[in-house]
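Just remember that this note's numbering sits 1066 ahead of the position in the sequence shown, which is counted from 1. Ideal Cβ positions, reconstructed from N, Cα and C, are used throughout, including at glycine. Below is one structure, written out as structure tokens, with a few remarks after it.
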Amino acid sequence: MSRADRPIGVFDSGIGGLTVIHALRQMLPQEELVYLGDTARLPYGTKSHHTIERYTLQMGELLQRHDPKLIVIACNTASAHGLPALQAVSPCPVIGVIEPGAEAAAEHGGPVGIIGTLATVGSAAYDLAIHRRDPAKAIHSVACPLLVPLAEEGWFDDPVTDSICRRYLNQLPFEVKTVVLGCTHYPTLLPSLERCRPGTRWIDSGRVTARAVDRLLQGSLGYRTASARGGLRIQLTDASSRLKEVGSRFLEEPLGDVEVVEI
Ligand code: DGL
């Protein structure tokens, strides 16, 4: 099989990365996708650098079974802690969500807000990536650990979610008008976030990553040659009872068959 026709491998700590799959399927419908979610060991967002890096390397190795032309780390936390280690050993190119999100944030004037897991915010990966592009940019980061469980519960239109979002977002100075959604789950909470901070420019790191993938395919990696819609293969390290319900919410379409793989 030619390189262009090989699948794109995408991995996340769980099923939140299906928001990135949704963006990829919208932008590049003909591409074949393999999704690997580490549902047995999530969340990554509360773990240490060493553990997240180790898990990232293991997920990258599992994806190699599919001989991908490219690996996308959909998870912000794994991108923040494990990207350089995986890039150093992977036989195929690997990209994360931080660089595309930082690039989009740096394009806009004024201070930038970053919201993400404890581990993503603690890594300062977004700060470093934005400052490489604009050293003078003011950046304000807020860790929002309660937002992942709220998104998984599907509490999208709920006063409890609004109140928690408001409490986190109020930590950002008033002048912040651009905020990076630095976590796979946050795009699903957009209505609530917008209610708490109307008129904000929200940067969906998954959506801008799909654009970065498109640029890579346009270059040396190449688009899949078949014009038919590409398939989506979903592999998880554990299958919970609520998987279909929660996964379909992130994917914005019914979740098909799921395979369970051993780590
Ligand atoms: N996927 C993670 C991220 O984007 C959120 C869930 C977790 O903590 O594992 O940072």
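DSSP state of residue i mapped onto helix, strand, coil
{"i": "residue 1127", "result": "helix"}
{"i": "residue 1155", "result": "helix"}
{"i": "residue 1182", "result": "strand"}
{"i": "residue 1286", "result": "helix"}
{"i": "residue 1087", "result": "helix"}
{"i": "residue 1118", "result": "helix"}
{"i": "residue 1254", "result": "helix"}
{"i": "residue 1150", "result": "helix"}
{"i": "residue 1145", "result": "helix"}
{"i": "residue 1273", "result": "helix"}
{"i": "residue 1188", "result": "helix"}
{"i": "residue 1261", "result": "helix"}
{"i": "residue 1069", "result": "helix"}
{"i": "residue 1281", "result": "helix"}
beta-carbon residue i near the ligand DGL non-hydrogen atom, thresh 7 Å
{"i": "residue 1071", "result": "no"}
{"i": "residue 1079", "result": "yes"}
{"i": "residue 1210", "result": "no"}
{"i": "residue 1117", "result": "no"}
{"i": "residue 1111", "result": "yes"}
{"i": "residue 1182", "result": "yes"}
{"i": "residue 1285", "result": "no"}
{"i": "residue 1236", "result": "no"}
{"i": "residue 1251", "result": "yes"}
{"i": "residue 1188", "result": "no"}
{"i": "residue 1108", "result": "yes"}
{"i": "residue 1220", "result": "no"}
{"i": "residue 1083", "result": "yes"}
{"i": "residue 1231", "result": "no"}
Beta-bridge pairing of residue i - partner residues as DSSP gives them
{"i": "residue 1245", "result": "1179, 1268"}
{"i": "residue 1302", "result": "1103, 1326"}
{"i": "residue 1075", "result": "1100, 1137"}
{"i": "residue 1160", "result": "1137"}
Range covered by the alpha helix (DSSP H) that runs through residue i
{"i": "residue 1168", "result": "1164-1172"}
{"i": "residue 1314", "result": "1309-1317"}
{"i": "residue 1230", "result": "1225-1235"}
{"i": "residue 1206", "result": "Residue 1206 -> not in any alpha helix (DSSP H); beta strand (DSSP E) instead, spanning 1205-1209."}
{"i": "residue 1197", "result": "1191-1199"}
{"i": "residue 1321", "result": "Here residue 1321 belongs to no alpha helix (DSSP H), and DSSP marks it neither H nor E."}
{"i": "residue 1331", "result": "Any question about residue 1331 goes unanswered here, given that the chain covers just 1067 to 1329."}
Inset, instruction - Inspect the CB distances between the stretch 1107-1117 and the stretch 1268-1286 and report whether three or more fall short of 8 Å. - result: no
Inset, instruction - Say whether the stretch 1237-1254 touches the stretch 1175-1184, bearing in mind that this needs 3 or more beta-carbon pairs closer than 8 Å, one atom from each stretch. - result: yes
Legend entry - Given 8 Å, three or more beta-carbon pairs between the stretch 1157-1171 and the stretch 1133-1149: yes
Legend entry - Three CB pairs or more closer than 8 Å across the stretch 1089-1103 and the stretch 1274-1283: yes
Inset, instruction - Check whether the stretch 1212-1221 touches the stretch 1190-1200, counting contact only when three or more Cβ pairs, one atom from each stretch, lie closer than 8 Å. - result: no
Inset, instruction - Evaluate contact between the stretch 1321-1329 and the stretch 1299-1310, counting only Cβ atoms and requiring at least three cross-stretch pairs below 8 Å. - result: Output reads yes: the stretch 1299-1310 touches the stretch 1321-1329.
Inset, instruction - Could you tell me whether the stretch 1249-1257 touches the stretch 1279-1290, where touching means 3 or more Cβ pairs closer than 8 Å? - result: no
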